[in-house]
Amino acid sequence: MNIFVGSLPFSIEEADLRGYFEEYGTVDSVKIISDKFTGRSKGFGFVEMPSDEEAQKAIDELNGGSIDGRTIVVNKSEPKPEGERRSFNNNRGGNGGGRGGYNDRDNNRGGGRF
């Protein structure tokens, strides 16, 4: 099961996070998400545990717990539906709703000057 872990202290290392979850069973992987420009933790990550039973016990026990004075959020990670992924190319119409450039005289239907 893939587990989301949020509100992590920015100083926590992946090995430390692994230790918290290994108390409940086998951990396949741990990934703390970092800002790609600064390398600084974003304060959340993911833990993969092969046993759903062990993973659920870890979620039940660790959710709302405290690490370095921060109350963490732990729950089952659900994949985002395909339609909700972020896109930076949603403005397909371009400038002017697809009519052309900003000084496009061909689209000036008034026949007069600007």
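Quick note: the sequence shown uses the numbering used here, first residue 1011, plus one each step.
Every residue gets a Cβ at the ideal spot worked out from N, C-alpha and C, and that includes glycine.
In this structure, Ile-1022 sits away from Ile-1069, with a CB-CB distance that is not shorter than 8 Å. Going by beta carbons, Val-1040 and Val-1057 fall inside the 8 Å limit. Taking a C-beta distance under 8 Å as the contact criterion, Phe-1031 and Arg-1050 do not qualify as a contact pair. Under DSSP, Ser-1044 shares a beta bridge with Ser-1051. Between the C-alpha atoms of Ile-1042 and Gly-1029 there is a straight-line separation of about 14 Å. Nearest C-alpha to Lys-1067 among Glu-1024, Ser-1017, Thr-1081 and Asn-1085: Asn-1085.
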